[in-house]
Amino acid sequence: MSKKTEWIGWWQVAISFVIATYYAVIIAWAMSYTYFAFNQKWGEDTGGFLMGDYLQRVDLVSGGAPGDIGALVPGVFIPLILVWIITLGVLFKGVKRGIEIANRIFIPLLVAMFLLIVIRAVTLEGALTGLDAFFKPNWSEIMSPGVWVAAYGQIFFSLSIAFAIMITYSSYLSKKSDITNNAFITGFSNSSFELLAGIGVFAALGFMANASGVGVSEVASAGIGLAFVVFPEIINTFPGMNGLFGVLFFGSLVLAGLSSLISIVETFVSGVQDKFKFSRRKAVAIGGGLSALISILFATQGGLFFLDAADYFINTFGIALAGLVSVIAVSWFTKKLPELQTHADAVSDFRLGSWWQICLRFVTPIVLGYMFIQNTIENVTSNYEGYSTAFLIGSGWLVAIAAIVLGFVFAKLKWQKGDLDIPKN
Numbered sequence: 001m002s003k004k005t006e007w008i009g010w011w012q013v014a015i016s017f018v019i020a021t022y023y024a025v026i027i028a029w030a031m032s033y034t035y036f037a038f039n040q041k042w043g044e045d046t047g048g049f050l051m052g053d054y055l056q057r058v059d060l061v062s063g064g065a066p067g068d069i070g071a072l073v074p075g076v077f078i079p080l081i082l083v084w085i086i087t088l089g090v091l092f093k094g095v096k097r098g099i100e101i102a103n104r105i106f107i108p109l110l111v112a113m114f115l116l117i118v119i120r121a122v123t124l125e126g127a128l129t130g131l132d133a134f135f136k137p138n139w140s141e142i143m144s145p146g147v148w149v150a151a152y153g154q155i156f157f158s159l160s161i162a163f164a165i166m167i168t169y170s171s172y173l174s175k176k177s178d179i180t181n182n183a184f185i186t187g188f189s190n191s192s193f194e195l196l197a198g199i200g201v202f203a204a205l206g207f208m209a210n211a212s213g214v215g216v217s218e219v220a221s222a223g224i225g226l227a228f229v230v231f232p233e234i235i236n237t238f239p240g241m242n243g244l245f246g247v248l249f250f251g252s253l254v255l256a257g258l259s260s261l262i263s264i265v266e267t268f269v270s271g272v273q274d275k276f277k278f279s280r281r282k283a284v285a286i287g288g289g290l291s292a293l294i295s296i297l298f299a300t301q302g303g304l305f306f307l308d309a310a311d312y313f314i315n316t317f318g319i320a321l322a323g324l325v326s327v328i329a330v331s332w333f334t335k336k337l338p339e340l341q342t343h344a345d346a347v348s349d350f351r352l353g354s355w356w357q358i359c360l361r362f363v364t365p366i367v368l369g370y371m372f373i374q375n376t377i378e379n380v381t382s383n384y385e386g387y388s389t390a391f392l393i394g395s396g397w398l399v400a401i402a403a404i405v406l407g408f409v410f411a412k413l414k415w416q417k418g419d420l421d422i423p424k425n
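Residue numbers for the sequence shown follow UniProt numbering, beginning at 1 and rising by one.
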């Protein structure tokens, strides 16, 4: 679009690289828990099992602190190797023979498995309580600006905007591809599966709340706590077929994770391949191999702390900020919105209205800008999760800053001569 804004694209590629290094480890956890689900190896104290027995968190097993690496955890490292073998194996095959075939297998299987989970979950006693909590609006909060900002941020992240994923995959489309239709299908499909997942999760939470005699809000959690602590508790209390439900749930996480990781890694593999004219195998070996090597850090006893800091800062001051800079650059500096809309309307079945430019010129920058300012104030005035300042600087702030620096560095490097390796069909 403009040579002056190339660094923004490489910044997003660097963000994807960082995410890939720790995202693979979370998939490895899910892979381990798929095995644990057969006999509910996590026992009754699911939180203690996760942090102590499985992750062997450095502060619990050796009295260490965040920032200490500790020993390698075999239960995480071994499935991590398998995750990278599958991911890089698919990428070595290329877009047509690798990624496309993998998605044809993973996505239908994922949908089928999660449908079984939802069907089982909604038949549990107390499921309606959970669904009521999921669908019933809280009218006292509906006009709160914070709610709408959070909703905007959620869909922004779930669609993988500012990861460079959409830039990469859009480059594989033909010039006459129906862009608008593809965009709406992508958004609708994503939201539909999120709705399906929400029904299954909240139905299960309703069952757990009913069994415990408490409200849904008291059993709900977020992040890894929901997947690896709360859900094992739910599986423990199932009236039957505990193991099957557990295998379906964690198996679904593995499939969803692998399909996402393949897309994430493809961004920097494709970028390196195009910039330096590397062969496909060389680009995968360098880009994928380096990310796999770095991911070992998160498979150590101190890995959870490094993962938590990197994830928070690369999302808060990486993805959100990159999205803000991108939309401002396109809308206000390069002033390409009218040209982009004209092209989209020319190749699409229905035309974009003025709302599209209004959203990109005003709504999105305002919302993302508000989020960025609020997050900056919060992190300047207090330390995230109470971590030490030194740890947050080294494992959080520097990670986010390094992604920006790498964006500028790669933009300054010269493009090697030759044709772009764009897959056919």
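Glycine is no exception: its CB is placed at the ideal position from the N, C-alpha and C atoms.
For residue i, which of the options has the nearest alpha-carbon?
i, options, result
"residue 288", "128, 208, 261", "261"
"residue 20", "41, 335, 365, 311", "311"
"residue 198", "333, 234, 114, 153", "114"
"residue 415", "86, 278, 178", "278"
"residue 5", "276, 332, 179, 153", "332"
"residue 150", "367, 54, 2, 339", "367"
"residue 161", "95, 142, 83, 183", "183"
"residue 55", "122, 142, 274, 298", "298"
"residue 155", "171, 190, 185", "190"
"residue 72", "313, 336, 295, 309", "295"
"residue 136", "119, 244, 77, 202", "202"
"residue 293", "52, 60, 85, 42", "85"
"residue 364", "378, 376, 329, 82", "329"
"residue 11", "412, 413, 407", "407"
"residue 22", "193, 257, 43, 243", "257"
"residue 172", "213, 195, 99, 131", "99"
"residue 134", "413, 152, 254, 194", "194"
"residue 152", "400, 370, 413", "370"
"residue 376", "44, 94, 60, 313", "313"
"residue 42", "78, 175, 379, 237", "237"
"residue 436", "178, 255, 94", "Any property of residue 436 remains undetermined from this structure, which presents the chain solely from 1 to 425."
"residue 196", "122, 362, 255", "122"
"residue 178", "336, 340, 60", "340"
Please state whether the Cβ-Cβ distance between residue i and residue j is less than 8 Å.
i, j, result
"residue 15", "residue 163", "yes"
"residue 117", "residue 200", "yes"
"residue 327", "residue 360", "yes"
"residue 168", "residue 270", "yes"
"residue 159", "residue 187", "yes"
"residue 18", "residue 403", "yes"
"residue 76", "residue 25", "yes"
"residue 410", "residue 275", "yes"
"residue 245", "residue 120", "yes"
"residue 40", "residue 235", "yes"
"residue 265", "residue 286", "no"
Within the same chain, show all residues whose beta-carbon is closer than 6 Å to that of residue i, passing over the 5 residues directly before and after it, in chain order.
i, result
"residue 220", "205"
"residue 165", "263, 267"
"residue 2", "334"
"residue 147", "141"
"residue 68", "58, 302"
"residue 124", "207"
"residue 83", "24, 27, 28"
From the DSSP output, read off the bridge partner residues of residue i.
i, result
"residue 72", "300"
Ignore the nearest five residues each way along the sequence and tell me which others in residue i's own chain have a CB closer than 7 Å to its CB.
i, result
"residue 372", "320, 321, 324"
"residue 229", "46, 47, 50, 221"
"residue 103", "259"
"residue 249", "117, 231"
"residue 425", "Its pLDDT being 49, under 50, residue 425 is placed unreliably by the model, and the measurement read from it follows with that caveat. Excluding sequence neighbours, residue 425 sits near 96."
"residue 281", "92"
"residue 129", "206, 209, 210, 216"
"residue 9", "164, 167"
"residue 80", "24, 25, 28, 295, 299"
"residue 70", "58, 62, 64, 300, 301, 302"
"residue 13", "164, 267, 268, 271"
In its own chain, which residues sit with a C-beta less than 8 Å from the C-beta of residue i, not counting the 5 before and 5 after it?
i, result
"residue 126", "206, 207, 208, 209, 210, 211"
"residue 252", "110, 113, 114, 117"
"residue 247", "34, 37, 38"
"residue 181", "348, 349, 350"
"residue 389", "383"
"residue 52", "60, 61"
Is there a Cβ from chain D that is less than 8 Å from the Cβ of residue i?
i, result
"residue 306", "In the structure shown, chain D does not exist; there is a single protein chain."
**Prompt:** On the three-pair Cβ rule with 8 Å, is the stretch 303-321 touching the stretch 386-400?
**Reply:** Result yes; three or more Cβ-Cβ pairs closer than 8 Å.
**Message:** Taking 8 Å as the cut-off, does the stretch 353-368 touch the stretch 329-345 (at least 3 CB pairs, one atom from each stretch)?
**Reply:** The answer is yes - the stretch 353-368 touches the stretch 329-345, with three or more Cβ pairs under 8 Å.
**Prompt:** Is the stretch 90-100 touching the stretch 18-32, taking contact as three or more C-beta pairs under 8 Å?
**Reply:** Contact between the stretch 90-100 and the stretch 18-32 is absent: fewer than 3 CB-CB pairs across the two stretches fall below 8 Å.
**Request:** Count the C-beta pairs between the stretch 286-303 and the stretch 61-73 that are closer than 8 Å, then say yes if the count reaches three, no if not.
**Result:** The stretch 286-303 is in contact with the stretch 61-73.
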